[in-house]
Amino acid sequence: MTTVIEAVFENGVFKPLVEADFKENHRYKMIVEEPGTESESRINGGADATETTEKPDTYRTREMEWLSKHRHEYPGEYVALDGHRLISHGTDGREVYQQARAAGVKVPFMAHIEPADNLPFGGW
Amino acid sequence: MPYTLMFEDLLEYDAGKAGITVPVTLRLGGTYVGVEAKLDSGSSHCIFERLQGELLGLDVESGSPEWIDTATGSFLTYGHEVTLSVRGFDFEIVAYFAKDDWFNRNVLGRHGWLNRIRMGLIDYEGKLYLSRADDES
Numbered sequence: 001m002t003t004v005i006e007a008v009f010e011n012g013v014f015k016p017l018v019e020a021d022f023k024e025n026h027r028y029k030m031i032v033e034e035p036g037t038e039s040e041s042r043i044n045g046g047a048d049a050t051e052t053t054e055k056p057d058t059y060r061t062r063e064m065e066w067l068s069k070h071r072h073e074y075p076g077e078y079v080a081l082d083g084h085r086l087i088s089h090g091t092d093g094r095e096v097y098q099q100a101r102a103a104g105v106k107v108p109f110m111a112h113i114e115p116a117d118n119l120p121f122g123g124w
Numbered sequence: 001m002p003y004t005l006m007f008e009d010l011l012e013y014d015a016g017k018a019g020i021t022v023p024v025t026l027r028l029g030g031t032y033v034g035v036e037a038k039l040d041s042g043s044s045h046c047i048f049e050r051l052q053g054e055l056l057g058l059d060v061e062s063g064s065p066e067w068i069d070t071a072t073g074s075f076l077t078y079g080h081e082v083t084l085s086v087r088g089f090d091f092e093i094v095a096y097f098a099k100d101d102w103f104n105r106n107v108l109g110r111h112g113w114l115n116r117i118r119m120g121l122i123d124y125e126g127k128l129y130l131s132r133a134d135d136e137s
């Protein structure tokens, strides 16, 4: 039986991005493929190719790394990221998102950068 | 008496940033949005800026209206059923989207997040340990 799932490679191991019914300590054979390839439509069993084709990495490790290093450069702006790449930025979140989509990024990671002089947030 | 907890996942966040900020993905049907959100144990709900609801394709005002009370006033939100994903954890929740554009925060609160997750926090190390609340490990 062949099961196709999405996984992310992080800290030296592959982690499934969906719940998968695998047996603990059982050996499986892996075929590693980059997203965007022909068989991607079969990911997660192919129940809904439209949904699964666009499922993004929910770990967003690279985007969070980028934000740690660069958020201070864009105070008060929205940034749209794809991995370690800044795709677009500006004060209008909708425009920033549309620019990222126009650049071919299906699910840009959006962040609103708080200005450094913002008052501390007190919660609700 | 010492207590021991086990967790499935470790998220290392930027401890130098104001608030504990985590990457969140919201899904509605086949549409996804990825955003930053802050953990907020003082918030009853998971609340997102209007922009995120619109990017999901929602008619924000068609949701169930809910006023959110704060120490300094209140604001109106609308609840919609969406899928919330944080790292490998997926939950079907009612997320609340602010009516007004000026609201530009995303927060993970109690219903939909804290009541679905088991969490260990070491803030001075920027470490957030996570498991599903129903994980018995």
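Listed in order, the protein sequences are those of chains A and B. For what it's worth, this note's numbering labels the leading residue of the first sequence as 1, then goes sequentially. For what it's worth, this note's numbering labels the leading residue of the second sequence as 1, then goes sequentially. We treat Cβ as the ideally placed atom computed from N, Cα and C, and that holds for glycine.
(message) Using a Cβ-Cβ cutoff of less than 6 Å, which residues in the same chain neighbour R110 of chain B once the five nearest sequence positions on both sides are dropped?
(response) S44
(message) Taking DSSP's pairing of strands, which residues face E73 of chain A in a bridge?
(response) Among the bridge pairs identified by DSSP, E73 of chain A is matched with none.
(message) Below 8 Å on C-beta distance, what does V82 of chain B contact in chain A?
(response) Per Cβ cutoff of 8 Å: no residues; V82 of chain B is ~13 Å from chain A at best.
(request) Could you tell me the distance, in whole angstroms, from the CA atom of P2 of chain B to the CA atom of K15 of chain A? (result) 31 Å
(message) Which residues in chain A have a C-beta closer than 7 Å to the C-beta of V60 of chain B? List them in chain order.
(response) Correct list: empty, because the minimum Cβ distance to chain A is about 13 Å.
(message) Check whether chain B comes within 7 Å of H89 of chain A, counting only Cβ atoms and requiring the distance to be less than that.
(response) no
(request) Tell me A111 of chain A's beta-bridge partners as DSSP assigns them. (result) A:V79
(request) Could you check which residue in A:R85, A:G76, A:K55 and A:G122 has the C-alpha nearest to that of K125 of chain A? (result) The structure shown has nothing for residue 125 of chain A, since chain A only spans 1 to 124.
(message) Against chain A, does F48 of chain B count as a neighbour if the rule is that its beta carbon must be under 7 Å from one of theirs?
(response) no
(request) Taking only beta carbons into account, state which residues of the stretch 80-112 of chain A come closer than 9 Å to chain C, listed in chain order. (result) Any reference to chain C falls outside this structure, whose protein chains are A and B.
(request) Mark E63 of chain A as exposed unless 16 or more other C-beta atoms lie within 10 angstroms of its C-beta, in which case mark it buried. (result) buried
(message) Cutting at 6 Å between CB atoms, please list the residues of its own chain near Q99 of chain A, excluding the five before and the five after it.
(response) S88
(request) Look at the alpha carbon of R94 of chain A and the alpha carbon of K29 of chain A, and state the distance between them as a whole number of angstroms. (result) 43 Å
(request) State the DSSP-derived secondary structure class of W66 of chain A, mapped to helix, strand or coil. (result) helix
(request) Please state if the CB of G73 of chain B and the CB of V94 of chain B are separated by a distance shorter than 7 Å. (result) no
(request) Spatial neighbours of H84 of chain A within its chain, please: CB distance less than 6 Å, with the 5 preceding and 5 following residues excluded, ordered by chain position. (result) The beta carbon of H84 of chain A lies closer than 6 Å to those of R62 and W66 in the same chain, with the five residues before and after it left out.
(request) Count the CB pairs spanning the stretch 120-131 of chain B and the stretch 17-29 of chain B that are closer than 8 Å, and state whether there are at least three. (result) yes
(message) What ranges does the beta strand (DSSP E) occupy inside the stretch 83-108 of chain B, keeping only unbroken runs of at least 3 residues that lie completely in it?
(response) 89-98
(request) Taking only the alpha-carbon atoms, compute the straight-line gap between V107 of chain B and H70 of chain A and give it to the nearest angstrom. (result) 22 Å
(request) Would you kindly work out how many angstroms separate the C-alpha atoms of P75 of chain A and E24 of chain A, rounded to a whole number? (result) 46 Å
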